[in-house]
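If you use this note's numbering, the sequence shown corresponds to residues 178 to 294, in order.
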Amino acid sequence: MTTNVVSVTAQESVDEAARLLTFHDVSGLPVCDGSRVVGVLSEADLIGKSGSTVGEVMTAPAVTISETTSLEDVAQRLTHQRIRRLPVVDAKGNLVGIVSRHDVLVWASRRVPAASR
178 MTTNVVSVTA
188 QESVDEAARL
198 LTFHDVSGLP
208 VCDGSRVVGV
218 LSEADLIGKS
228 GSTVGEVMTA
238 PAVTISETTS
248 LEDVAQRLTH
258 QRIRRLPVVD
268 AKGNLVGIVS
278 RHDVLVWASR
288 RVPAASR
């Protein structure tokens, strides 16, 4: 899980969001109102949407997980819902991190015994 998460607000422009995605080399961002996750923004949401706001193009509501969600459940959600990242929220719905497909792959590779690699 990444805990130093870059996020955007629904009021920000898609042009600024695109700059953030590029600068931080990420493919998506949680959209927050304060520290509460209200949506998710992906690269695909931005294509051809210059001049719009994040709130107009984001996916909402966001699919989120709690801090106690098992990695097996995370992997299942990423696969079955065909998403690339899951914001992690605390009991009050505040953003505390994000888990990506890459994070799950790293976790899974560490579980494979060295002899089978």
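Even glycine gets a Cβ: it sits at the ideal position worked out from N, Cα and C.
Keep in mind it's a predicted model, so treat the numbers as computed, not measured.
Discussion item. Does residue 238 pass the burial test, meaning 16 or more other C-beta atoms within 10 Å, or should it be called exposed?
Written reply: Working through the sequence shown from its first residue, we reach residue 238 at position 61. Answer is exposed; the Cβ neighbour count stays below 16.
Worksheet item: Okay, do the stretch 179–192 and the stretch 207–222 touch, 3+ Cβ pairs below 8 Å being the bar?
Response: yes
Discussion item. Please tell me whether residue 214 and residue 265 are closer than 7 Å, where the distance is taken between their beta carbons.
Written reply: Within the sequence shown, residue 214 is the residue found at index 37, counting from 1. Within the sequence shown, residue 265 is the residue found at index 88, counting from 1. Their beta carbons are not under 7 Å apart, which means residue 214 does not touch residue 265 by this criterion.
Practice prompt. Look up residue 224 in the DSSP assignment and give the residues it is bridged to.
Written response: Taking the first residue of the sequence shown as 1, we reach residue 224 at position 47. According to DSSP, which records beta bridges pairwise, residue 224 is partnered with nothing at all.
Practice prompt. Look at residue 187 and residue 231 and say whether their C-beta atoms are less than 7 Å apart.
Written response: Residue mapping note: residue 187 aligns to position 10 of the sequence shown, counting from 1. Residue mapping note: residue 231 aligns to position 54 of the sequence shown, counting from 1. Contact: yes.
Worksheet item: Cβ of residue 180 within 7 Å of Cβ of residue 274?
Response: Position 3 of the sequence shown, counting from 1, holds the residue named residue 180. Position 97 of the sequence shown, counting from 1, holds the residue named residue 274. Yes. Within cutoff.
Item to complete: Express the C-alpha separation of residue 204 and residue 227 in angstroms, rounding to a whole number.
Response: In the sequence shown, the residue the question calls residue 227 occupies position 50. In the sequence shown, the residue the question calls residue 204 occupies position 27. Those two C-alpha atoms are separated by around 17 Å.
Practice prompt. Please work out which residues of its chain come closer than 7 Å, Cβ to Cβ, to residue 258, disregarding the five sequence neighbours upstream and downstream, and give them in chain order.
Written response: Within the sequence shown, numbered from 1, the residue matching residue 258 stands at position 81. Closer than 7 Å at the Cβ level, and outside the excluded window around residue 258, lie 240.
Worksheet item: Using the beta-carbon count (16 or more within 10 Å), is residue 277 buried or exposed?
Response: The residue labelled residue 277 in the question sits at position 100 within the sequence shown. Buried, by the Cβ-count rule.
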